[in-house]
Amino acid sequence: MRATKVLFVLLWFLCVYAPSSFCANVTYDHRALVIDGKRRVLVSGSIHYPRSTPEMWPDLIQKSKDGGLDVIETYVFWNLHEPVRGQYNFEGRGDLVRFVKVVAAAGLYVHLRIGPYACAEWNYGGFPLWLHFIPGIKFRTDNKPFEEEMKRFTAKIVDMMKQENLYASQGGPIILSQVENEYGNIDAAYGPAAKSYINWAASMATSLDTGVPWVMCQQADAPDPIINTCNGFYCDQFTPNSNAKPKIWTEGYTGWFLSFGDAVPHRPVEDLAFAVARFYQRGGTFQNYYMYHGGTNFGRASGGPFVSSSYDYDAPIDEYGIIRQPKWGHLKDVHKAIKLCEEALVATDPTITSLGPNIEAAVYKTGAICAAFLANIATSDATVTFNGNSYHLPAWSVSILPDCKKVVLNTAKINSASMISSFTTESLKEEVGSLDEYSSSGWSWISEPIGISKADSFSKFGLLEQINTTADRSDYLWYSLSIDLDAGAQPVLHIKSLGHALHAFINGKLAGSATGNHEKANFNVDIPITLVAGKNKIDLLSLTVGLQNYGAFFDTWGAGITGPVILKGLKNGSTLDLSSRQWTYQVGLKGEDLGLPSGSSGQWNSQSTLPTNQPLIWYKTNFVAPSGSNPVAIDFTGMGKGEAWVNGQSIGRYWPTYVSPTGGCTDSCNYRGAYDASKCLKNCGKPSQTFYHVPRSWLRSDSNTLVLFEESGGKPTQISFATKQIGSVCSHVSESHPPPVDLWNSETESRRKVEPLLSLDCPYPNQVISSINFASFGTPHGTCGNFKHGRCSSNKALSIVQKFRSVISITYQIIVCFKVSSKPSFNKTKMMKKQYVLSFSLALLLSFLYSTTTLAQLSPVAAPLKPPQPIPTPTPPAAAPKPLVPSLPESPSDATPDTAAVDIVGILRQAKSFNILIRLMKTTQLINQLNAQLLTTKSGGITILAPDDSSFSELKAGFLNSLSDGQKLELLQFHVLSDYVSSSNFDTLTNPVRTLAGAKPGKVELNVISYGGSVNISTGEVNTTITGIVYTDKHLAIYKVGKVLLPMDFFAVAKAPAKAPSLAPEPSSDAAKAPKADKDESSSSDSSQVNPTEQNSGTQKISVYGMWVSLVLGVLVMSAMTV
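Under mature numbering (1 follows the signal peptide of the UniProt record, and there is no 0), residues -23 to -1, 1 to 1100 are what the sequence shown spells out, in order.
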């Protein structure tokens, strides 16, 4: 106890006297959240930890950070953590503490929405079912039993976070917490008790002393100090209930959830970006995307009812963890544009004026600081005058002007490329020898008994409500009875059910099925049946598809067969009401009790004839996981409805036979005008969900087991595995597009003319272009994957862009540039009136160009590799100009001594991890040359591009030993520039850049490009970036590079003509094998490297030596250029 008190006093002392190092003071005022005395503009995104796996969390959070997020928001799911009262689960996907720590490790904040009511399309809204059975309880109202349980669990979560020091007041990442959720939408139904309950909830939350603010969303009467916030598709018109509270948007919907039986929702990014920009324009400073990554409803987690297993939500990061373009990229640009305005946004309130009908300007100005937003809320384009300048405003868009003069971004103009992802299916590969030798199908099975088969069945008079009976221990409840008839009959069985679905069996045969839907779960059904003389067995299997999660008193809605159950059309037209008879009930399936989902039971049949298209069958097979690291799914085409388990883990309910309506979808959604969930539907007339996510971490390298429970009948042999990857990239740009946000500069900072850019990025570092399917210079139209030529079009555009493929390096990124020498001029009779010069440099710059690129993948990888970008940290220092490359810890201060007295070897040794480079400098005596040059060079200086030991270890074994002493010297000289280059001046270099290796055109050329905050270096064989500053003064600069720079001179062996694109790399000759460091030169491993003899293969690296490409009326002319 004494030690605890000492620790508390120490922590208090540190938080009081050293808050910047340990604890953050989070408050708020009318403009924003205030962190350590500084108002912040924050962008947030929802990622629900149990809807992905712990193995996925770091990648998802890093992609969120790369997308410009500052905060990760998540609900807390009570029924996941306390499935039985007093028995807690915080393991695996429920490891909340681990999730929060992963977010913290990425340098992001957390908004923890404890609730504990979540909604979230989660089963029962996140409430545990045992709560329903507490005597006298009423949910979400002034009810003591409920309030006691709510406080107990809320305090449990808060205490867990405190014990791990996870609140910002303790030095952790949690800056906000939420109590209750969207209660204001339904509180009128609870009468005066609702107000008492909300006041109690606010008092309870603040009494827990978290040290951070609490919020209530959609609660206009939230009492002080609780911040009331907005949820919705648009929140620009929202105003907090006090002038002392900031404007916060807790749920900005990136799309909508999918329900079985519905078409797939889609929200255009132009509209989402418009909504976000409007929110900040109208005074908002904290906005959250719901969802930023939706994930998967594993097991029986989905609510609704009828919410699908996929919770993709059309989010910027899709269900499988793949970036969804252009949504992710365009929103990233929006975030950058907003952050350029941050100083103005937090300094003052906006001045809002009308510039015309449905045209609005908002100006944030204080002193010399000024930022403006120009919004066109109409569905037609407009041109407006603002501050004496003319601006074109596309319909339903916002232009952002960080200096009140120049447009950095318009929400309707997308610079980010689109990416088309797809599934590649493969037949299920059974494990050899895994099944009985007589099983020709590779599957084994067990039939689930029809009707009552378990010892714990019971009988009651009348029809029982299902949820009260099962307590949600299973989706299934059997209702069974027997009737005797004097004679056979063919009546109609009428059943009234609260939902959600049922299968009716008469004398052991499936007679019919019925289901509700997300909008109306209850149903009436009439099923024609045949009865025999004597005893007849009626077995009704009622099932739920996720419990209700939203609405007033939703916990009382119920499910199952509540009657009446009537036989119509018996003898002489009579009816027989079976509702009040004695029914026998069985909760769940016998196979569930036997543990069949694990696949470990020994009762499986493996006969030669596999039963198919029969109801109530358990199937099992063993399989080999798809190779590679791309996300995995199962295609359930051919199956009916049921649940699936992989290695004992449920991947959710499957239902490929529930087809969406045929009408209401559109191939080309018009983003203009207010969005709702029914506006831009896809996939009409098709199964709502066909592919079901199997996390890679659930798969084993050797044997895997797949178990299915099929309710209605299917063919498991038609099931296939699929991997998801990005196969095509599309982009378009016009001269009316603003330049990329990264290249924005105010007129006061630079007079350099910056043009729009078209960029195409290969999503994976080991992908290259296999074909270019479409390119148009003129007036094309259409969407990604469906571009079409317009009335004006160059007939040479495609052939020219296709020729680029033979000279473009695609190891990590391709940006192709067409530069228009003058504005295009078209008339009715001529395609082009003037001549155009297009220059290739790693980007496509032009007046309207669409390009679609199909990518071939050498080997699958989990995530795209992006060039380093400067990412805001939770508590950044005051904004200041930054160099293009990051500083390493060893970077010196401005008080660095004069270069002549500097010891290069000593600097590298002090920086650590440069032992191989030091050794080579000494053995080749390059260090003497460098010292001499520094002593004799008083104006130019030198720049060293230094690979560290890990970079040398990536070279192939034996490479360094295979080099002569002269070649080793040349290799090192290739890493030294003949002049001093500061970290902010790389964009001033002229390519090819001269090195100490001398001038050997096409052999030792080094090309350097600074773009988007990073410095990229290409040798024709290696592409890498500068990753940090080791040392810099007025004459000497040493920068760390990510790879050893290999000159083309080392690979000048005669090469065969380039082959046509193929999906597999061609074998290379031993004579020209590329480098891996010798063991005597480094402690290298056997990590792989692209073989330089393969650079002409269409599916491998294609080198760029430097070409200028000019187009004059479609004629291609080549001359020397730099990259």
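Positions of the beta carbon are idealized from the N, C-alpha and C atoms, including for glycine.
As the structure is a computational prediction, the values presented were derived from the model and not from experiment.
- Under the rule that a run must span 4 or more residues, the alpha helix (DSSP H) segments found entirely inside the segment 215 to 272 read 246 to 258.
- By the CB criterion at 8 Å, LEU19 and VAL61 fall outside the cutoff.
- Using a Cβ-Cβ distance cut-off of 8 Å, the segment 446 to 455 and the segment 498 to 513 are not in contact, since fewer than three pairs of beta carbons, one from each stretch, lie closer than that value.
- Membership of GLU159 in any alpha helix (DSSP H) is not indicated, and neither H nor E is assigned to it by DSSP.
- ASN763 is the residue among LEU907, ILE12, GLN910, ASN763 whose C-alpha sits nearest the C-alpha of ILE397.
- Residue environment: PHE936 is assigned as buried (16 or more neighbouring CB atoms within 10 Å of its CB, all protein chains considered).
- Between TRP226 and ASN162, the C-beta spacing is not below 8 Å.
- If you draw a 10 Å sphere on the C-beta of SER771, you find 16 or more other C-beta atoms in it, and that means buried.
- Counted as a single uninterrupted DSSP element, the stretch harbouring THR356 is not any beta strand (DSSP E), since DSSP gives it neither H nor E.
- Close CB contacts of THR1001 within its chain, under the 7 Å cut and outside five residues either way in sequence, are with ILE994, VAL1018, GLY1019, LYS1020 (chain order).
- In the same chain as VAL882, and ignoring 5 residues on each side of it, the C-beta atoms closer than 8 Å to its own belong to ILE895, MET898, LYS899, ILE904, in chain order.
- The DSSP-derived three-state label of PRO574 is helix.
- Residue pairing by DSSP places TYR341 opposite ALA348 in a beta bridge.
- Contact between ILE336 and ASN353 holds, with the beta-carbon distance rounding to 6 Å and staying under 8 Å.
- Per DSSP, reduced to three states, the secondary structure at PRO505 is strand.
- Judged by their CB atoms, GLY71 and HIS58 are nearer to each other than the 8 Å cut-off.
- Going by beta carbons, VAL189 and LEU143 fall outside the 8 Å limit.
- A distance below 8 Å between beta-carbons, with the five flanking residues on each side excluded, links PHE76 to the following residues of its chain, in chain order: TYR26, PRO31, TRP34, THR51.
- The residue among THR598, ASP1010, LYS659, LEU185 with its C-alpha nearest the C-alpha of SER236 is LYS659.
- In this structure the segment 585 to 593 lies against the segment 684 to 694, because at least three pairs of beta carbons, one per stretch, are closer than 8 Å.
- In the three-state reduction of the DSSP assignment, PHE600 falls in the strand class, which pools E and B.
- From the listed residues ILE921, LEU983, LYS545, SER29, the smallest Cα separation to VAL1007 is found for ILE921.
- About 5 Å separates the Cβ atoms of VAL671 and VAL609, confirming a contact at the 8 Å cut-off.
- Scanning its chain for C-beta atoms nearer than 8 Å, with the 5 sequence neighbours on each side dropped, one finds around VAL74 the residues PHE67, MET137, MET138, GLU141, LEU143, in chain order.
- Selection ILE504, HIS495, LYS473, ASN392 evaluated against LEU487 yields ILE504 as nearest (Cα-Cα).
- Closest in alpha carbon position to ALA491, among GLY523, GLU403, VAL502, is VAL502.
- In the three-state reduction of the DSSP assignment, GLU732 falls in the coil class.
- For the set VAL623, ASN274, LEU555, GLY550, the Cα lying nearest the Cα of SER575 is the one of VAL623.
- Residues of the same chain with a CB within less than 6 Å of the CB of CYS212, apart from the 5 flanking positions on each side, are TRP226, PHE256 in chain order.
- Taken through DSSP and simplified to helix, strand or coil, TRP373 comes out as coil.
- Under the 10 Å beta carbon count, THR996 is surrounded by 16 or more other beta carbons and is classified as buried.
- In the structure shown, PRO693 falls within a helical segment according to DSSP collapsed to helix, strand and coil.
- According to the DSSP assignment, LEU19 belongs to the beta strand (DSSP E) that extends over 19 to 24.
- By the neighbour-count criterion, in which a residue is buried when 16 or more other Cβ atoms sit within 10 angstroms of its Cβ, GLU403 is exposed.
- Rounded to whole angstroms, the Cβ separation of LYS431 and GLN563 is 5 Å, and the two are in contact under 8 Å.
- Put simply, of THR643, ASP653, TYR648, ARG673 the residue whose alpha carbon is nearest the alpha carbon of CYS661 is THR643.
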